[in-house]
Amino acid sequence: MINEVSAGGIVFFKNSILMLKKFNGDWVLPKGRVEGHESLKETALREVYEETKAKVTPIKYLGKINYEFSRTCYLDKIHIRKEVHWYLMMARNMTCTAQKNEGFVDAKFLSFERSLVLARYDDERKIIKKALEDIKFHSYK
Numbered sequence: 093m094i095n096e097v098s099a100g101g102i103v104f105f106k107n108s109i110l111m112l113k114k115f116n117g118d119w120v121l122p123k124g125r126v127e128g129h130e131s132l133k134e135t136a137l138r139e140v141y142e143e144t145k146a147k148v149t150p151i152k153y154l155g156k157i158n159y160e161f162s163r164t165c166y167l168d169k170i171h172i173r174k175e176v177h178w179y180l181m182m183a184r185n186m187t188c189t190a191q192k193n194e195g196f197v198d199a200k201f202l203s204f205e206r207s208l209v210l211a212r213y214d215d216e217r218k219i220i221k222k223a224l225e226d227i228k229f230h231s232y233k
């Protein structure tokens with residue numbers, strides 16, 4: 093079993109959430125693996141920028157998600173245990189561009205409601221809901 097640690101951002105601007113569309117049509121949140129001696133927050137900020145080119149301000153740590161999956165590598169099936177740490181971030185504007193070489197075909201801000209409908213994974217829907225509760229409670233501007 094391989095353990096992987098990643099971090100990502102729930103990026104909002106006004107009443108919308110930034111999401112990425114993968115080549116297979118799945119909509120996901122920006123995230124990626126920790127590199128070197130990065131902190132989780134540094135990883136989340138780097139990944140959001142690398143995958144979307146969005147300029148953001150971190151607001152707060154939202155929590156983590158754990159899940160397991162298998163990947164085939166050179167005919168071997170590898171079991172992965174993944175831990176993803178999420179940060180709430182506010183975008184400076186709605187400018188964003190998908191990182192094509194990572195398999196993304198689109199990056200866009202979707203309405204809160206649409207982001208919940210289109211999110212590919214249940215765990216991502218849960219963290220989006222948590223972010224929305226926080227955004228509505230604090231009325232970030």
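In the numbering used here, the protein residues as written are 93 to 233. From the three backbone atoms N, C-alpha and C, an ideal C-beta is built for every residue, glycine too. None of these values were measured; they are calculated from a predicted model.
Collapsing the DSSP output to three states places S231 in coil. For the options N107, F105, L112 and S98, the alpha carbon positioned closest to that of G195 is the one of L112.
By the beta-carbon neighbour count (other beta carbons within 10 angstroms, threshold 16), S98 is buried. Two segments are said to touch when three or more pairs of C-beta atoms, one from each, lie closer than 8 angstroms; by this definition the region 222-233 touches the region 150-162. Every unbroken stretch of the alpha helix (DSSP H) spanning 4 or more residues and falling wholly within the region 98-155 is given here in chain order: 132-144. Burial state of L110 is buried, judged by a 10 Å Cβ sphere holding 16 or more other Cβ atoms.
Restricting attention to S108, N158 and F115, the CA atom closest to the CA of N193 is found in F115.
DSSP, read as helix, strand or coil, puts A223 in helix. Rounded to the nearest whole angstrom, the CA to CA distance from V103 to E160 is 25 angstroms. In this structure, V120 sits near R212, with a CB-CB distance shorter than 7 angstroms. Counted as a single uninterrupted DSSP element, the alpha helix (DSSP H) harbouring L208 occupies residues F204 to L210.
Distance between D168 and S162, taken at the CA atoms: about 10 angstroms.
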